[in-house]
Amino acid sequence: MSPLHHRRVSAGVAAVVAVAAIAACSPPEKKSSSSSASGVSAASATSAKDLGGMDKLVAAAKKEGQLNVIALPPDWANYGEIIKAFQSKYGITITSDQPDASSADEISTAQRLKGQSKAPDVFDLGASVAAANTSMFAPYKSEKFDEVPANLKDPNGTWVNDYGGFMSVGYDAGKVPAPTSVADLLKPAYKGKVALNGDPTKAGAAFAGVQMVSVAQGGTVEDITKGVDFFAKLKAAGNFLPVDPTPATIESGQTPVVFDWDYLNVAQGAKLKGKMDWKTFVPDNAAVGGYYVQAINKDAPHPAAARLWQEFLYSDEGQNLWLKGGARPVRLEAMQKAGTADAAAAAALPKIAGQPVIPTEAQNAKAKDYLAKNWANAVG
């Protein structure tokens, strides 16, 4: 599965205003016993202060010397550069497992490898999966925790939203006319050209794509009847392309129109610059936004490094690296006010018109139920 594939099960949505398989054969290993002078272990630290401050946390993490991450494709929201930057900054080796895994895979892997040195230290999850597995997380508040909007975090730091974006339409401007609305995709010019990033009953990006179309067609993110109806019409017109888009299918021209998160479509455009004029379009008044969630595995084999990773991700440096990747970091508004956001990267974000649509977990649940019962019959 490529970075453009559906590595996540349905991503939960929150306010967006600015917005290798591991072998299970290793024997269980003891967790790091790094602790502060006061006797607080890294595994129980809820902030850097518990360990005596950032310098102590950095020292403990360097002593561990290792961090295990999972489901982080290098082309997804600039994670490749983020991983390199962390390794370079702290001299800590990162093992990145199953980069194209789903959120559910992250949880099952952590459960399977519990107590082993190869278990994931941290998670990057869709909110639905995160909400169902909070008992597996260790509460932690980074130094920048207070700058994360209250509605985008657990007050105890059990989980925190990290980066997000809006559902969009990416297209090859050299092959198809620029769409000005979702309805345009029903026109003959798009015959056999419109792809959805995965099966919406399983994939977060595809699910959000159906929600976005529903809103664009006068429906809602909860009642997605109009979204499913639209894709049925798209298929009947011969415009729907039942192919999972990948960088290879886009570059070859096989999938010239793709529903996906704006930061993935933007990254695709940057990658193909000079080869293809790949553009990103967010329909007016149909801005469906979503965030992913950060959490620390409470059974992390490298608990200090896991906490240092959170500090890095929520620092100005980490947030700007997500921004550079076309994603909207959760602290963007605070950083813009402080003048610490990468202004050029922020200005390059796709423009949004209209009030962002914010699905709740209850709304997503209702939409998923309808989709499970109707998508196969309507679209296949």
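Mind the numbering: the sequence shown is residues 3 to 382 in the working numbering, read in order.
Even glycine gets a Cβ: it sits at the ideal position worked out from N, Cα and C.
- Here the region 130 to 150 makes contact with the region 40 to 59; the two share three or more CB pairs at distances below 8 angstroms.
- For F88, the enclosing alpha helix (DSSP H) starts and ends at 81 to 92.
- DSSP lists Q296 as the beta-bridge partner residues of D126.
- With a 10 Å radius around the Cβ and a threshold of 16 neighbouring Cβ atoms, T95 comes out exposed.
- For T282, the enclosing beta strand (DSSP E) covers residues 280 to 283.
- Around the CB of V71, 16 or more other CB atoms lie within 10 Å, so the residue is classed as buried.
- Residue burial annotation: T182 is exposed, with fewer than 16 other C-beta atoms found within 10 angstroms of its C-beta.
- Per DSSP, I109 is one residue of the alpha helix (DSSP H) stretching across 105 to 114.
- In this structure, the CA atom of G320 is about 12 angstroms from the CA atom of T342.
- One alpha carbon belongs to T48, the other to P179, and they sit about 52 angstroms apart.
- In terms of CA proximity to K177, S254 leads the group Q118, S254, G128.
- Bounds of the beta strand (DSSP E) holding D174 are 162 to 174.
- According to the DSSP assignment, F261 belongs to no alpha helix (DSSP H) but to the beta strand (DSSP E) extending over 259 to 263.
- If you look at A207, you'll find it in the alpha helix (DSSP H) that goes 206 to 218.
- One thing to note: K370 has its Cβ no nearer than 8 angstroms to the Cβ of A347.
- Between Y173 and V268 the beta-carbon gap is near 13 angstroms, outside 8 angstroms, which marks them as no contact.
- Nearest neighbour of Q256 by Cα position, chosen from L115, L243, K228, N287, turns out to be L243.
- Separation of the CB atoms of V359 and V290 is rounded to 5 angstroms, and the pair is thereby assigned contact status at 8 angstroms.
- K86 and A121 have their C-alpha atoms some 20 angstroms from each other.
- Ranked by Cα distance from P352, the first of Y372, S110, R330 is R330.
- Sequence-distant partners of A197 (beyond 5 residues in either direction) whose C-beta falls short of 6 angstroms from its own C-beta, in its chain, are L243, V245, P247, T257, V260.
- By alpha-carbon distance to A367, the top candidate from P202, S110, L69 is P202.
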